[in-house]
Each structure stands twice: as C-alpha cells, then as structure tokens.
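J.: Note that the sequence shown covers residues 3 to 424 in this note's numbering. Glycine residues also receive a C-beta, built at the ideal position from the N, C-alpha and C atoms. Note that this is a predicted model, so its numbers are computed, not measured. This is the structure I have questions about; it appears just below.
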Amino acid sequence: MRRLLTVALSFVLVSVVAQPAAATGGDQPLPGYTIVNPPLAPALVGGKPTKVLQGVHSHAGYIIEVPPRWNGRLAMWAHGYRGDGKVLTVDAPPFGLRQRWLDEGYAWAASSYYSNAYDVRAGVTTTRELATLFGRKVQRPSKVFLAGVSMGGHVIARSLEQYPGFYAGALPMCGVLGDHELFDYFLSYHLAAQALTGIRAYPLPPDYATVVVPRIKEALAGRDGQFKALVATLSGGARPGTEAAYAYWQNFLFGLVTNPAGTSLAENPLQIATNVTTRYRPNSPVDVNATVQRVRAANPVARHTWALTQIPAVQGLPSAPVVSLHGIGDLFVPFSMEQDYRDDAARFGRTHLLVQRAIRTVDHCEFSAAEAGTAWRDLTTWVDRGKRPAGDDVRRTDDPRFGCRFSDRQATGGTRAFFPAC
C-alpha cells in the first residue's frame, strides 16, 4: 500500500510541504547561523574570465558562475554533510567538474543550504530556489542538471521526485540514495557488535564512546571474523576489498553513533532507524538473529511519512536520467545505498533511467577527475541523444573483477592500492 500510494503522492508533495520564506534582496541567514562565502576568483575559459555572482538567497549563501560563451544550460551542485555547526559555507564543484562545465559552456550554481546537520529538505528547496534565482539574474536555462556528493546524493534523489520535469539529468556520487537505510546500517553496526560480544548497551549510555566501545572492541579482537562478514553483508555483500575496507573504517564507525546534542530529526537521525526486520548474515557461530537487540524506530511518523522532512524518504521514482558513482569499499555511505536505490526504482519500473558504476576505492567520495568527467559526459550524451550508457550490475558484487570496468586505471594514491590490479 505504501508503494502504491507513493505514485499518486509524489506529484503533490510540493504543495503540502512548508517552504522556507521567500528571499528578498536583503535576505539573511536564519537566526543562529552565519554565512562564510569569500569571493571566488573567476576562472578562465579560452583566455577570458567567467562572470561570478555571489550573495544570500533563501537564507543560504550561493555562488553562480557563467562562462563567456554560455550554452544556455545550468549545472546545480549539491554539497554533502557539513556537521552540526552554525556556519554555512558554499562549495565549488570538485573532481575537475567546475572547469569542465565552464569549458563545455555550462553555467553552474551552488547553495550552502539554509541549515547544516543532516537536513536534506534544506538542500532540496534551496537548490531549486537558486535555480529559479539564476533565471532572474542571468537568464532562464534551457536545461538544469544536478550533481553532488554524499548527503547531496540524497538531495538529488529526492529533488528528482519533488520536482518531476524540472531537472534534465543527475550525477550523484557516493550518494545516500537509500535514504533511511543509511541510519539502519549505522544502528545495526553497533547492535551486531553488541550481540557478538554480549555487551548490551542500547539506548546508548553517556559513557558509550569512552567506556563501552573500547570494551566491545577488546571483546571482538582476535575473533571478529563473523563481525567482518556481517559488515560486508550489511554494506552491500561480499566484494573485492572488503577486508581492507573493514580495517580502514572500523574505528570511525564505532565513533560515529553517539548521544546527539540536539533533538531535531537532522541533529538526531537515529530516531528513524530500526533493525526490526533486518536479517543478519552470516548467522554463525553466534546466532545473531536470535540474540541481537531489536529496536523500533523511535519516531515512526518521520520514518514513514511521504512529506519532505529533514530526512525524507526516496521512493525510487527518478524523473530524469541518473548516472551514479560509488566506491565499493566505502563503509561510511556504503555501497548498499546503490542496491537499495536500484531495488526501489525496479518496483516502479524506473531502472531504465538509472545507470550505476562501481569504483575501486575505499575512502568516502574518492573519485578521479576522469571518473567524474566520463560519467558527466555519458549523462549529458544520454540526455541529448537518448542513448543509455553502460553501467554495473550492483547486485553482482562477488565477481573478483567487480569495480574494474569504470575505475580510472591511471589514478594512483589514496586507497586504490588496497585492490589488486584490474
């Protein structure tokens, strides 16, 4: 019933969700926030400088850059998670995309969003409003594209559902495309470790990070084989590099879940997390499925609503072509996000609009300029000519060569050496 209703509801969400206040020429950040948006030096395109516009709109800082010979198209950049601080900042697109877009004649624009924390709603609305502002300050673009990383991927996936027909194509990278399942994964990481060690500590006590986690890690030492395999399954299944990925991310993930300082959904995402229906594999030698603590979502209304909340659902209804990149060893925003999004899209017959590419990296959002640039080229060619590009089958991760096809073989450094040569 939830999935069937979504088809009808996805087209009326905009009208029932409160929007941030309309911006004026004297718009200011929301109370408690400040904006840091230092002047961005214009780039050169064909020896001529670009035009850079900066300011505040919809309570968010923004940057707009237009090349000397604009092709009429606009690329919107959606940044990732900024933490819970009160300083709003704006990114220029990384991975060489800024210069690539300008050289190809594209203008680009980026928003700080009107708030930090894990506030996807802020990203969805301010990105859309900035695109509208671009039309007033420059000219209405003929096509608008989306690109972004991490939480920005969540912004992109929901934007395609929130404003069907507005965006022409999207390039999420290392994106939270599985929406609430990211926080289920974080919760399961801790509850599975507790089940394996017999140290039950949920709800998290005040000394969880300083006292309980060291006890759990000590109890796992030397006999963590089942936990490593569980983490591999939870994060996307057996695939090349899982041992190296576990070693790289283990300590970080144990320190990630703590007692939140705030009470809002954006500040305390675990209130939507649950493991009630999670089946843990492998389930021996410890019967984790029988012993693990089962936790229901503390905020079931936020978990199940279709409204544009701070952590909204992604139904799997892309309204434009999507090319997605993801590192197969990323355990922060795990590769399972791609599988979740693909499964959601399949339920609605939308996989024809989705191409996914596995990259052999372990760090979060670790892509080369060639990997991002090739994906961008293939996305725009798809939009213009209707030819769907090649991708990976994200369900078949156990192939020893998985991730080879679209990884940049010229890229060095970082975590690429964790994988055998393709």
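(1) Going straight from the alpha carbon of Glu-183 to that of Gly-82, what length do you get?
(2) Flag this pair as yes or no: are the beta carbons of Tyr-35 and Ser-113 separated by less than 9 Å?
(3) How would you write the range of the beta strand (DSSP E) that His-192 sits in, first residue to last?
(4) Measure the C-alpha to C-alpha separation of Tyr-191 and Val-303 and round it to an integer number of angstroms.
(5) What whole-angstrom Cβ distance do Ala-247 and Gly-331 have, given they're in contact under 8 Å?
(6) For the pair the region 343-363 and the region 189-206, tell me if three or more CB-CB distances fall below 8 Å.
(7) Could you tell me if Phe-254 is buried or exposed, where buried requires 16 or more neighbouring beta carbons within 10 angstroms of its beta carbon?
(8) Using the Cβ count rule (16 or more neighbours within 10 Å means buried), how would you classify Asp-365?
(9) Restricting to Cα atoms, I'd like to know which of Gly-416, Ala-124, Arg-123 and Lys-53 is closest to Pro-70.
(10) With DSSP as the reference, label Lys-139 as helix, strand or coil.
(11) Measuring only the C-alpha atoms, how far is Tyr-282 from Thr-134?
(12) Give the range of the beta strand (DSSP E) segment to which Gly-167 is assigned.
(13) Output the distance between the C-alpha atoms of Arg-102 and Ala-45, rounded to the nearest integer angstrom.
(14) Between the alpha carbons of Phe-147 and Ala-159, how many angstroms are there, rounded?
(15) What does the alpha-carbon distance come out to for the pair Ala-231 and Thr-417?
(16) With 16 as the cutoff for other CB atoms within 10 Å, does Gly-27 come out buried or exposed?
(17) What whole-angstrom Cβ distance do Asn-301 and Gln-273 have, given they're in contact under 8 Å?
(18) Does the distance from the C-beta atom of Ser-370 to that of Asp-410 stay below 9 Å?
(19) Reducing DSSP to helix, strand and coil, say where Gly-155 ends up.
(20) Could you pull the DSSP bridge partners for Phe-147 from this structure?
(21) Could I get the ranges of all uninterrupted alpha helix (DSSP H) runs contained in the region 278-320, with 4 residues as the minimum, in chain order?
(22) Please identify the residue among Thr-280, Ile-201, Arg-403 and Ala-149 whose C-alpha is closest to the C-alpha of Thr-235.
(23) Report the residue from Arg-407, Asp-401, His-354 and Arg-362 whose alpha carbon sits nearest the alpha carbon of Gly-388.
(24) Do Ile-66 and Ala-111 have their C-beta atoms closer together than 9 Å?
(25) In angstroms with no decimal places, state the Cα-to-Cα distance between Ala-374 and Phe-97.
(26) Could you check if Asp-121 is buried or exposed, using at least 16 other CB atoms within 10 Å of its CB as the buried criterion?
(27) Please classify Leu-258 as buried or exposed, where buried requires at least 16 other C-beta atoms within 10 Å of its C-beta.
(28) I'd like to know whether the C-beta atoms of Phe-337 and Gly-238 end up nearer to each other than 9 Å.
(29) Alpha carbon to alpha carbon, what distance is there between His-306 and Pro-174?
(30) Looking at the unbroken beta strand (DSSP E) that takes in Lys-389, where does it start and where does it end?
(31) According to DSSP, simplified to helix, strand and coil, what is Pro-208?
(32) Are Ala-223 and Val-214 close, meaning C-beta to C-beta below 9 Å?
(33) Hey, out of Val-92, Lys-88, Tyr-169 and Gly-85, whose CA is closest to Leu-55's CA?
(34) Count the other C-beta atoms from every protein chain shown that fall within 10 angstroms of the C-beta of Val-297, then say buried if there are 16 or more, exposed otherwise.
(35) Ignore the nearest five residues each way along the sequence and tell me which others in Val-151's own chain have a CB closer than 6 Å to its CB.
(36) Could you tell me which of Val-294, Glu-340 and Thr-244 sits nearest to His-156, measuring between CA atoms?
T.: The short version:
(1) In this model, Glu-183 and Gly-82 are separated by some 17 Å (Cα to Cα).
(2) The criterion of a C-beta distance shorter than 9 Å is not satisfied by Tyr-35 and Ser-113.
(3) Per DSSP, His-192 belongs to no beta strand (DSSP E); it is in the alpha helix (DSSP H), 183-199.
(4) Tyr-191 and Val-303 have their C-alpha atoms roughly 24 Å apart.
(5) With a beta-carbon spacing of about 4 Å, Ala-247 and Gly-331 fall inside the 8 Å limit used to define contacts.
(6) No: the two stretches stay apart, fewer than three of their Cβ pairs being nearer than 8 Å.
(7) That one is exposed.
(8) By the 10 Å Cβ count, Asp-365 comes out buried.
(9) Ranking Gly-416, Ala-124, Arg-123 and Lys-53 by Cα distance to Pro-70 puts Lys-53 first.
(10) Lys-139 sits in a helix when the DSSP states are folded into three classes.
(11) When only Cα atoms are considered, Tyr-282 and Thr-134 end up about 46 Å apart.
(12) Looking at the DSSP string, Gly-167 is not in any beta strand (DSSP E), and its letter there is neither H nor E.
(13) One C-alpha to the other measures close to 11 Å.
(14) Just so you know, the alpha carbons of Phe-147 and Ala-159 end up roughly 12 Å apart.
(15) Each residue's Cα considered, the two are about 20 Å apart.
(16) With a pLDDT of 42 at Gly-27, under the threshold of 50, the predicted position of this residue should be treated as unreliable, and no value is reported.
(17) Sure, about 4 Å apart at Cβ, within 8 Å.
(18) Taking 9 Å as the Cβ cut-off, Ser-370 and Asp-410 qualify as a contacting pair.
(19) Look at Gly-155 here: in three-state DSSP terms it is helix.
(20) Among the bridge pairs identified by DSSP, Phe-147 is matched with Ala-77 and Gly-171.
(21) List check, alpha helix (DSSP H) in window: 290-293 and 302-306.
(22) Out of Thr-280, Ile-201, Arg-403 and Ala-149, Thr-280 has the C-alpha closest to the C-alpha of Thr-235.
(23) Here the closest residue by C-alpha is His-354.
(24) Yes, the pair counts as a contact, with Cβ atoms nearer than the cut-off.
(25) Taking C-alpha positions only, Ala-374 is separated from Phe-97 by approximately 6 Å.
(26) Answer is buried; the Cβ neighbour count reaches 16.
(27) Exposed is the call here.
(28) The answer is yes: Cβ separation under 9 Å.
(29) Each residue's alpha carbon lies about 24 Å from the other.
(30) It is not in any beta strand (DSSP E) - Lys-389 carries neither H nor E in the DSSP assignment.
(31) In the structure shown, Pro-208 sits in coil (DSSP, three-state: anything other than H, G, I, E or B).
(32) Contact flag unset, no.
(33) Nearest C-alpha to Leu-55: Val-92.
(34) Counting the other CB atoms within 10 Å of its CB gives Val-297 a total of 16 or more, which places it among the buried residues.
(35) These residues qualify, in order along the chain: Gly-82, Met-175, Cys-176 and Cys-367.
(36) Comparing C-alpha distances from His-156 to each of Val-294, Glu-340 and Thr-244 shows the shortest one belongs to Glu-340.
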